[in-house]
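>
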Amino acid sequence: MPSRCVVSVALLLAMSPAAPAEDYERNRARMVELIRQDVADTSRYIGKASLDDRVMDVMGRVPRHLFVPQAQRRLAYENRPLPIGHGQTISQPYIVALMTDLLELTPEHRVLELGTGSGYQAAVLAEIAAEVYTIEIIEPLGREARARLGQLDYANVHVEIGDGYYGLEAQAPFDAIVVTAAASHVPPPLVRQLKIGGRMVVPVGTEFMVQQLLLVEKQSPDTITTRQILPVRFVPLTGGH
Amino acid sequence: MGTDTTTFDTTGRPPFLAISLLSAAAIAYEVLLVRLLAIVQWHHFAHMVISLALLGYGASGTFLTLLRPRLAGRWSAAFIANAMLFGVAAVVCFKLAQRVPFNAEEVLWDVRQPLRMAFNYLILALPFFFAANAVGIALQWFGGRIGRVYAADLAGAAIGSAAAVAALFVLFPVAALVVAGIVGIAAGAVAAWELGLARRWPVTLAAVAAGAFAAAAGVGERPALSPYKSLSQTLRIGGTEVVAERASPLGWLAVVESDAVPLRHVPGLSLTARAEPPAQVGVFTDGDGMTAITRWTGDVSELVYLEAVTAALPYRVRPIERVLVLGAGGGAEVLQALHFGATAVDAVELNRQIVELVRGRYREFSGRLYDRAAVRVAVADARGFVAAAGEHYDLVQLALVDSFAASAAGLQSLSESYLYTVEALQSYLAHLRPDGMLAITRWIAVPPRDMLKLVAAAVDALRASGVADPGRRLALIRGWQTGTLLVKNGEFTASEIDRLLAFCAEHLFDAAYFDGMPAALANRFNRLPRPYFFEGTRAIIGPGRDAYLARYKFGLTPATDDRPFHAHFFKWRTLPEILALRDSGGMPLVEWGYLVLIATLVKALLASAVLILLPLWWFRRRNGPTPSPVGRRRTLVYFTAIGLAFLFIEIAFIQKFILVFHHPVYAVAAGLTAFLLFAGLGSAWSRRYDDAFRRRRGVALAIGGIVTVGLLHVFVLAPLASMLAQAAPVTKVAAAIGAVAPLAFCMGLPFPLAMSTLSESAPRLVPWAWGVNGCASVVSAVLATVVAVHLGFQAVILMGLGLYVVALLAQPTGQRVGASGG
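Heads up: the sequence lines are chains A and B, in that order. Position one of the first sequence corresponds to residue 1 (the numbering used here), numbered consecutively onward. Position one of the second sequence corresponds to residue 1 (the numbering used here), numbered consecutively onward.
1. With a floor of 4 residues, list each alpha helix (DSSP H) that falls wholly inside the stretch 298-327 of chain B, ordered by position along the chain.
2. Please list, in chain order, the residues of the stretch 244-272 of chain B that have any C-beta partner in chain A closer than 9 Å.
3. Under 6 Å Cβ to Cβ from B:PHE639, same chain only, skipping five residues before and after it: list those, please.
4. State yes or no: is the C-beta of A:PRO140 nearer than 7 Å to some heavy atom of the ligand COA?
5. Give me the residue from A:TYR166, A:GLU136 and A:PRO140 with the minimum Cα distance to A:VAL157.
6. Starting from B:PHE554, find everything on chain A with Cβ-Cβ shorter than 8 Å and list it in chain order.
7. Report the neighbours of A:ASP222 on chain B: residues whose CB is nearer than 7 Å to its CB, in chain order.
8. Please state whether the Cβ-Cβ distance between B:ALA373 and B:GLY156 is less than 8 Å.
9. Enumerated in chain order, which unbroken segments of the alpha helix (DSSP H) with a length of 4 residues or greater are wholly contained in the stretch 331-418 of chain B?
10. Which residue marks the beginning of the alpha helix (DSSP H) containing B:ILE703, and which one marks its end?
11. Which residues in chain B have a C-beta closer than 7 Å to the C-beta of A:PHE208? List them in chain order.
12. Mapping DSSP to helix, strand and coil, what is B:TRP835?
13. Measuring alpha carbon to alpha carbon, tell me which of B:GLU106, B:PHE63 and B:ILE497 ends up nearest B:TYR827.
14. What does a CB cutoff of less than 8 Å around B:ALA176 pick up in its chain, not counting 5 residues either side in sequence?
15. Of all the CB atoms in chain B, is at least one closer than 8 Å to the CB of A:VAL124?
16. Would B:PRO831 pass as an interface residue toward chain A - the criterion being a Cβ-Cβ separation below 8 Å?
17. Which of the three DSSP states is assigned to B:ALA728 in this structure?
18. Provide the residue span of the alpha helix (DSSP H) that contains A:GLY142, from first to last.
19. Do B:LEU508 and B:THR291 come within 8 Å of each other at the CB atom, strictly closer than that value?
20. Kindly indicate which three-state DSSP category A:GLN244 falls into: helix, strand or coil?
21. Verify whether the separation of the beta carbon atoms of B:VAL396 and B:LEU476 is less than 8 Å.
22. Quick check on the DSSP output: the alpha helix (DSSP H) that includes B:ILE797 runs from which residue to which?
23. Counting only Cβ pairs nearer than 8 Å, list the residues of chain A close to B:ASP455.
24. Once you ignore the five residues that flank B:PHE385 on each side, which residues in its own chain have a CB closer than 6 Å to its CB?
25. Tell me whether B:VAL174 sits in a helix, a strand or coil according to DSSP, three-state version.
26. When burial is assigned at 16 or more other CB atoms within 10 Å of the CB, is B:HIS431 buried or exposed?
27. Is it true that the CB of B:PRO742 sits closer than 8 Å to the CB of B:GLY800?
28. How many whole angstroms separate the CB atoms of B:VAL40 and B:LEU253, which I take to be in contact at a CB cut-off of 8 Å?
29. Would you say A:THR225 reaches chain B, if we count a Cβ-Cβ gap shorter than 8 Å as a contact?
30. Report the residue ranges of all alpha helix (DSSP H) runs contained in full by the stretch 433-481 of chain B; include only those spanning at least 4 residues, in chain order.
31. Would you mind sorting B:PRO576 into buried or exposed? The rule is 16 or more other CB atoms within 10 Å of its CB.
32. Less than 8 Å between the C-beta atoms of B:PHE130 and B:LEU85, yes or no?
33. Tell me the rounded alpha-carbon separation between B:PRO14 and B:ILE80.
34. Please report whether the beta-carbon of A:HIS65 lies at a distance below 8 Å from any beta-carbon of chain B.
35. Of the residues that make up the stretch 115-144 of chain A, which ones have a beta carbon closer than 7 Å to any beta carbon in chain B?
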């Protein structure tokens, strides 16, 4: 913690607005290593020792610093959530990677995302899947994300602005759905728009702290199971199980 | 008095009215700040900031000690200036603090957050500092009349605390804060008139100008909510707006409607639900904890979505006619009861304004829900209603009242709640018909905390009610988001368990416990790494309970009326493990409320040490006739002990009052007022002791009285308090005030008696002692909660009594120290 404080103070004092591109690349590579370490640490709880290589590869490619406000760019590759304005955050990279991995995407998949935010998760998804449809309810955030993803040539990401409760009937069904903006419950229409064999991931917690990841797997219209994944190396009883 | 040349005014009349007005305004500022910070941030940050802001009192003691020679002869100007500065600062400092974008959730990541928090402490402490200066100045200035000055201070505080609570019924908190500021400024002008100053007209004009400035600064100011509170988040959605607001001491209500995106609040809705909720209106309390008012035409078929939540379980297990809903809010559980054919529903809601919204503005919208023949609404505290109820029910339903975010982040860990204690569950169970059920629905946390603690409380409650085998009367189910615990007045039958399993299968919920449940059923639909809930419940019901609770990394020992902290799960030994995981997903496991409390205690102790030691260093540096070391030590121990003890006892009694009055607001208002008023009377009485020897005897008598009455309360009167449950409110108030009066009267004596002695023997120690007492009060407010969390409020009272005995042993001797030059 003290070293973190020193680093943060140094960053506050630093006057240059942005780091050189190679710094970002180096930091991104370091971030990927941190994610790899976190995954190894939590392997017992998330059920695997490492994430899909494609996911790790994408995490090492998507320029996260371009998805955070200018003032936060220096922190873009820290393994932490960052505020992006409008009371929203960009999730911790480890959580983004884990959620993407849980979806088990293939290049043919069509994905629906609720809660575009900065567009970072959509960009990560779009690097693997065929099409990503993402809906943002906060209008200015949606417009910014649309412009950003356009500038970065993510032609396969389609940003809609509005209420995501009913999903996108016209584009349904989806192979995978990410609900980052769940209200008091998972909207039933989204479950219906999930393909048989499809997967849905819902992070549960507050803006800054993901308490658990809910993975919904649809085996048939009436057979749905969820897995509640605690993304941390922790067992509630001393001595483990 | 040696070289200590400061003269005291022994002839003039102290400005009693001004002192009272200022004290009233200062305590009102404190009450309102707690309210405002609970709106802007969350409850526990309000608690922390207040306790640190109170450091203004400690700082004032130091300041006055250092400036004492310069103030001599300028007492009236200093008093008036500080009163007016208080008034202006109360408004302006809050306004400034609002401009600081502090985010509690980023404290461990972002170095700017602790700095912002520190800035807020300092800025919010300023008004306290000015108010304390003014009172401290009066105590020094009228050294011979300390008893009456202190009495005026306490009487003002008594009126101020009651007035602030009353003001919150008619004014929004910021407006009430402006009024408090103006009263403080007016105190300055009143002092000029009371003292008959030649410049009273210019002072009055200055007060009018300052009052106008404060009013202008406060006009239009609204609480700047954290952008991460659920109201802020909801309002980001286009077409969503606050259409009405209500304010009372119970909270600030914001009614939210949306013409573009309907609100859909159905916590725990099954993933396979076919039906969706109708349009809803959201009612947020303090910007969080939403309850929904649902559009309804009176046709129960519109409510079919309420079948697909875990809270519907009891209706599927057995037929239910009479229902009691505790925490009815906007009425979701009442709608559910009607949907399932209940013929009589008693809906209990503490906040009258929520009931008025459903009955008034949303009467037609809600299908006249609270005016239907089958529904009887009571505005009451849940515990109070149940204690007085003569009825018995098929179902007592505890609604899901808090928000998921607050629950998930451990933000309520230190909010005392008497809803989930062992005694509370016992009283609910006592009002069940044969085979009736108590149903409690809570958010699911992983790993489990809340739910397992409730199971433990239910087991204790059943055992205390004479049930030999509690496991046969419990059933627990869980979805991915909510869980529902059933406690039956009788054993569950095989057919009831069959219906429970059918309900779970239909909605993809998991059975987590019933007697004889096969382990294979425990983790079918909503899979956890292990069937934590099943294993935990079985362990808690079985003989290995104590070992399990010891091994579990969170505290699951049930809450009781003496330790009503249901949401507190913290164990120190788990902290290092969680902190080590902070960068890899461990943050949600941290219980913020408790850690913030401990951090506050440490900061308060450090700040107090500095503020207490600084004047001593200054005494030495001045190389003057310092008070003797023995005198200093005794003064330090005495004023620390009585500062700690007073608030220990006051805080613990207010908690006891909550159980007697069954209303937190009235309990706090009556408790504060009674304590301060009778302590004020005690203080006024202290002037009868006119020499050091008699004063020492007075202290001994007072402390003897405190200990005797205190012990009487703990061991004789407290157990009798439950007999008052069904008494009329007037009787309760009279009984509570009667019970407190002799205790508070005695508690008002030790401070002025020792202060009077000190002002004769070592006047330079007077402001220092005032500061020591202030620091002790700051520490006390935090320490009392820490002690209560671990040992209970009874222990807080006993420790308070013990501290008074310490004070008795340490009381200053009254020997003149200046003359000895020591």
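For every residue, glycine included, the Cβ atom is placed at its ideal position computed from N, Cα and C. Here the structure is a predicted model, which means the values were calculated and not measured.
With the given structure in hand:
1. Taking only runs of at least 4 residues, the alpha helix (DSSP H) segments lying wholly in the stretch 298-327 of chain B are 313-317.
2. Answer set for the stretch 244-272 of chain B: ALA260, VAL261, PRO262, LEU263, ARG264, HIS265, VAL266, PRO267, GLY268, LEU269, SER270, LEU271 and THR272.
3. Here the set comprises ALA769, VAL772 and ASN773.
4. The model depicted lacks the ligand COA and carries no ligand whatsoever.
5. The shortest Cα separation from A:VAL157 among A:TYR166, A:GLU136 and A:PRO140 belongs to A:GLU136.
6. Per Cβ cutoff of 8 Å: PRO236.
7. Chain-ordered, the chain B residues with CB closer than 7 Å to the CB of A:ASP222 read THR272.
8. No.
9. Runs of the alpha helix (DSSP H) inside the stretch 331-418 of chain B: 332-339, 352-359, 382-388 and 404-408.
10. Taken as a continuous stretch (DSSP letters only), the alpha helix (DSSP H) holding B:ILE703 covers 692-712.
11. Chain-order list of chain B residues neighbouring A:PHE208: GLU105 and GLU106, by C-beta distance under 7 Å.
12. Within the shown structure, residues of chain B are numbered from 1 to 822, placing residue 835 of chain B beyond reach of any answer.
13. Nothing can be reported for residue 827 of chain B, as the shown portion of chain B is limited to 1 through 822.
14. Counting only Cβ-Cβ distances below 8 Å, and skipping sequence neighbours, we find ALA28, LEU32, ALA164, ALA167 and LEU168.
15. Not one chain B Cβ lies under 8 Å of A:VAL124.
16. What is shown of chain B runs 1 to 822, which leaves residue 831 of chain B out entirely.
17. DSSP places B:ALA728 in coil when its eight states are reduced to three.
18. Per DSSP, the continuous alpha helix (DSSP H) segment holding A:GLY142 begins and ends at 139-151.
19. No, these two residues do not count as a Cβ contact at 8 Å.
20. Missing from the structure shown is residue 244 of chain A; chain A here goes from 1 to 241 and no further.
21. In this structure, B:VAL396 lies away from B:LEU476, with their beta-carbon atoms at least 8 Å apart.
22. DSSP places B:ILE797 in the uninterrupted alpha helix (DSSP H) bounded by 793-810.
23. Going by the sequence as given, residue 455 of chain B is Val instead of Asp. Near B:VAL455 there are no residues of chain A at all, since even the closest Cβ is about 14 Å away, more than 8 Å.
24. The beta carbon of B:PHE385 is closer than 6 Å to those of VAL348 and ALA378 in its chain, skipping five residues each way along the sequence.
25. Correct three-state label for B:VAL174: helix.
26. Result: buried.
27. Going by C-beta atoms, B:GLY800 is not nearer than 8 Å to B:PRO742.
28. Actually they do not touch by this definition, with Cβ atoms about 16 Å apart.
29. A:THR225 counts as touching chain B.
30. Scanning the stretch 433-481 of chain B for uninterrupted alpha helix (DSSP H) segments of 4 residues or longer gives 450-464, listed from N- to C-terminal end.
31. Per the 10 Å Cβ criterion, exposed.
32. Going by C-beta atoms, B:PHE130 is nearer than 8 Å to B:LEU85.
33. C-alpha of B:PRO14 to C-alpha of B:ILE80: approximately 13 Å in a straight line.
34. Output row for A:HIS65: interface = no.
35. The stretch 115-144 of chain A vs chain B, Cβ under 7 Å: ILE137, ILE138 and GLU139.
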